[in-house]
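A.B. asks: One structure coming up, written as structure tokens, with questions to follow.
Chains as they are written, first to last, in our numbering: chain A, 1 to 555; chain B, 556 to 694.
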């Protein structure tokens, strides 16, 4: 594989390819695989590098220490050269991401929760936000195809979803912690289902089966978490697609007709290069894509590329998130994986206006982790409180805490739907730059009153559920800061060019040979993990581009 | 970062305030958090080095309780780096892991085709029997 990678990563001066893709994360990888299979010449520019499974820290004794710095999901904490910094002083939530082949899925937990039918019809059903230009049923065939590329594990028949094809690999064990959570939900008569995860339980499409090591969120050293470097790129490279890593795109260039002609990028030696293309597809995530469009100003596009609507960068949705921890008398093998979701619950997913907010949230039950994690709860030291002397706050108190919690915890993560608001946005920072001197993005984001009420309601219900499961102690972290995993909505998809950035097929209204296939185009965010839908939408848009190739405009 | 014997002695003394001996659990210094474990921690997390060094210098030649408490009040960043270095090393110690029953991030065997308990004891069937809970696409 190394030789194949090397052969496919060389820039060719002056070459014009059919399609240039910016970003080798989940959406860009889907596009690269399918476009190259259809005979398009494809080059993908990725600012990061290929992940090396041997570098992932999960097998190392210092694993827990490394999760808090070098493998932290916040690029501002990692502070690595291939990350770009993000100015967050005006944001309630820190955006999280990872630069590399596979993108942020390198560090995701693999929760596989496709959008529900109501998520595509929020305006029609609830009178707020927007409908999507297509429906759940329109997307379903693409979802089912993607699930077989990804190697999803799960149990069919979840009544939270319409019927669909079975998953390609059997469900992972829910473990003692999942069982404990399920027992509480069962007592209350609330929905739960064994977790569906982008983590195969048997060998599948280049992936090894999950060994339950429980280190999913720092990269899987077993090669058992579905990431596109394993599931998509080997196919794309075999098809002849080329992937240039260490390539940080600075600008999309346009010709006198207003068509995109390719990208200017900085290679990892600091040299400026150009990649010419007939069609450009942006897949740089909900922050990277609008950043690049705003960077690509010209006399023809003075407000940034594809921004005649003024909506580029606006409507950022990041899913405010709360976590609720339960401690139990029984040992729960809390360090064992998967660190995807053991079980999930959609009991309070749909809108009930009597609750005082619109829309809802999904819960995922996860294990408690190792002993160092037990000394804190999602980043906050829980034993160093108030003005107590250090030896009173730590000391025996630390031992008691670990004794009580380690191996006895389960955690509900609550992902609440984030409604779009134009004030929540990505702009270019006037001072901060990345290591190549390119202006960094700045996030302006406030958690809405609706989100706050939603999370508080769901926290209360999670506490009920944990109580029903027999928790002897609980703790809540409301609206955590380092939780901006899901970067959505900043290049709105819609039919009206005055009120949206891309059309229903991901083509920008203003630049007819430029497309956006990532989560930037999402009109709404759902109240769940979006990777399944991001990849399915990318496949839908890619197939349309392939089918319409004879009619597609090109530079 | 090179630490001498006297540096490690200071580190050990103040580490035992953070992690003293308690019931079955040994004190931090008893498992060597100031020795090889500290080296391992700082290799893994070189960003903690400055804080650890500052903590040692702050506490050198001072009464250890007064020193650690003033470190907490006056240099929180160094205190946080120091405590993470102590606890990070402590929970990497083999002896501590055995006492806690933590084997590390292991890979327990399982059979993906085994029929799960939830499929045979009725707990999941009750969910299914309650029926669909999604709102269908409006027509």
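No residue lacks a Cβ here, since even glycine has one placed at the ideal position from N, Cα and C.
#1: Can the beta-carbon of residue 537 of chain A be found less than 9 Å from the beta-carbon of residue 489 of chain A?
#2: Which term fits residue 573 of chain B, buried or exposed, when burial requires 16 or more other beta carbons within 10 angstroms of its beta carbon?
#3: From the DSSP output, in three-state form, read off residue 132 of chain A for me.
#4: Quick check: what's the CA-CA separation for residue 544 of chain A versus residue 65 of chain A?
#5: From the DSSP output, in three-state form, read off residue 544 of chain A for me.
#6: Under three-state DSSP, which class holds residue 251 of chain A?
#7: In whole angstroms, what separates the C-alpha of residue 264 of chain A from that of residue 296 of chain A?
#8: Using Cβ-Cβ distances below 7 Å, what residues of the stretch 561-577 of chain B are close to chain A?
#9: Note down, in chain order, each residue of its chain lying with its Cβ closer than 6 Å to the Cβ of residue 438 of chain A, except the 5 sequence neighbours on either side.
#10: In the DSSP assignment, find the beta strand (DSSP E) that holds residue 263 of chain A and state where it starts and stops.
#11: Under 7 Å, CB to CB, which of the residues in the stretch 419-439 of chain A have a partner in chain B?
#12: Pop quiz: residue 408 of chain A and residue 332 of chain A are said to be a contact at Cβ under 8 Å. What is the actual Cβ separation, rounded to whole angstroms?
#13: Name, please, each residue of chain B whose Cβ falls closer than 7 Å to the Cβ of residue 186 of chain A.
#14: Excluding the five sequence neighbours on either side, which residues of its own chain have a C-beta within less than 7 Å of the C-beta of residue 415 of chain A, listed in chain order?
#15: Please report whether the beta-carbon of residue 605 of chain B lies at a distance below 9 Å from any beta-carbon of chain A.
#16: Whole angstroms is fine: what's the gap from residue 584 of chain B's alpha carbon to residue 570 of chain B's?
#17: Looking only at its own chain, which residues have a Cβ that is under 6 Å from the Cβ of residue 282 of chain A, when we skip the five neighbours before and after it?
#18: Below 9 Å between beta carbons: does that hold for residue 640 of chain B and residue 586 of chain B?
#19: Is it the case that the stretch 677-691 of chain B contacts the stretch 609-625 of chain B, given that we only count it when at least three CB pairs across the two stretches are under 8 Å?
#20: Beta-carbon within less than 7 Å of residue 632 of chain B's beta-carbon, same chain only, minus the 5 sequence neighbours each way: which residues are those?
#21: For the alpha helix (DSSP H) containing residue 26 of chain A, name the first residue and the last one.
#22: If the cut-off is 7 Å on Cβ atoms, which residues from the stretch 608-630 of chain B count as contacting chain A, listed in chain order?
#23: Scan the stretch 437-508 of chain A and note each continuous beta strand (DSSP E) run of 3 residues or more that stays entirely inside, going in chain order.
#24: Identify whether residue 579 of chain B lies in helix, strand or coil by the three-state DSSP scheme.
#25: Any contact between the stretch 442-449 of chain A and the stretch 87-101 of chain A? By contact I mean 3 or more CB pairs, one from each, below 8 Å.
#26: Taking the alpha-carbon positions, what's the residue 496 of chain A to residue 645 of chain B distance?
#27: Along the chain, where does the alpha helix (DSSP H) containing residue 598 of chain B start, and where does it finish?
#28: Can you confirm whether the stretch 224-238 of chain A touches the stretch 206-215 of chain A when touching is taken to mean that 3 or more C-beta pairs between the two stretches lie within less than 8 Å?
#29: Can you say whether residue 653 of chain B is buried or exposed, counting buried as having 16 or more other CB atoms within 10 angstroms of its CB?
#30: Hey, is residue 379 of chain A's beta-carbon within less than 9 Å of any beta-carbon in chain B?
#31: Does the beta carbon of residue 157 of chain A come closer than 9 Å to any beta carbon on chain B?
#32: In terms of residue numbering, what span does the beta strand (DSSP E) encompassing residue 274 of chain A cover?
#33: Residue 687 of chain B versus chain A: which residues are under 7 Å apart at the beta carbon?
#34: Kindly identify the DSSP beta-bridge partner or partners of residue 139 of chain A.
#35: Which bits of chain A does residue 593 of chain B rub up against, with CB to CB less than 7 Å?
#36: The stretch 400-412 of chain A: which residues have C-beta closer than 9 Å to a C-beta of chain B, in chain order?
C.D. replies: Straight from the coordinates:
#1: Taking 9 Å as the Cβ cut-off, residue 537 of chain A and residue 489 of chain A do not qualify as a contacting pair.
#2: It counts as buried.
#3: Three-state DSSP puts residue 132 of chain A in coil, outside helix and strand.
#4: Residue 544 of chain A and residue 65 of chain A have their C-alpha atoms roughly 45 Å apart.
#5: Looking at residue 544 of chain A - three-state DSSP - the assignment turns out to be helix.
#6: In this structure, residue 251 of chain A counts as strand in the three-state DSSP scheme.
#7: In a straight line, the C-alpha of residue 264 of chain A is about 10 Å away from that of residue 296 of chain A.
#8: Residues of the stretch 561-577 of chain B whose Cβ lies closer than 7 Å to any Cβ of chain A, in chain order: 572, 573, 574, 575, 577.
#9: Spatial neighbours of residue 438 of chain A in its own chain (CB-CB distance under 6 Å, excluding positions within 5 residues in sequence) are listed in chain order as 250.
#10: Element bounds for residue 263 of chain A: 260-266.
#11: Listed in sequence order: no entries.
#12: At roughly 6 Å, the Cβ-Cβ gap stays under 8 Å, so residue 408 of chain A and residue 332 of chain A are in contact.
#13: Under the 7 Å cutoff, chain B gives 678, 681.
#14: Residues 319, 321, 361, 362, 527, 528, 529 of the same chain have their beta carbon placed closer than 7 Å to that of residue 415 of chain A, with the five preceding and five following residues left out of the count.
#15: It does not: the Cβ of residue 605 of chain B has no partner Cβ on chain A nearer than 9 Å.
#16: Answer to the nearest angstrom: the Cα atoms are 7 Å apart.
#17: The answer, listed in chain order, is 22, 289, 516.
#18: In this structure, residue 586 of chain B does not lie closer than 9 Å to residue 640 of chain B by Cβ.
#19: The stretch 609-625 of chain B makes no contact with the stretch 677-691 of chain B: fewer than 3 CB pairs, one atom from each, lie closer than 8 Å.
#20: The beta carbon of residue 632 of chain B sits closer than 7 Å to the beta carbons of 606 from its chain, once the five residues preceding and following it are set aside; these are given in chain order.
#21: Bounds of the alpha helix (DSSP H) holding residue 26 of chain A are 26-37.
#22: Answer in chain order: 620, 623, 624, 627.
#23: Runs of the beta strand (DSSP E) inside the stretch 437-508 of chain A: 439-445, 473-477.
#24: DSSP places residue 579 of chain B in coil when its eight states are reduced to three.
#25: The stretch 442-449 of chain A vs the stretch 87-101 of chain A: in contact.
#26: Distance between the alpha carbons of residue 496 of chain A and residue 645 of chain B: 60 Å.
#27: Residue 598 of chain B -> alpha helix (DSSP H) spans 591-599.
#28: Counting Cβ pairs under 8 Å, three or more are found: they touch.
#29: Burial is judged here by how many other beta carbons sit within 10 angstroms of a residue's own beta carbon; residue 653 of chain B has fewer than 16 and is exposed.
#30: Bear in mind that the predicted position of residue 379 of chain A carries a pLDDT of just 49, short of 50, making it unreliable; the figure below should be weighed with that in mind. So no, residue 379 of chain A is outside the interface.
#31: Closer than 9 Å: yes.
#32: For residue 274 of chain A, the enclosing beta strand (DSSP E) has its first and last residue at 272-282.
#33: Going along chain A in sequence order, the residues near residue 687 of chain B (Cβ under 7 Å) are 159.
#34: Paired residue(s): none; residue 139 of chain A is not in a bridge.
#35: Among the residues of chain A, none has a CB under 7 Å from the CB of residue 593 of chain B; the nearest is roughly 12 Å distant.
#36: Flagged, chain order: 400, 402, 403, 406, 407.
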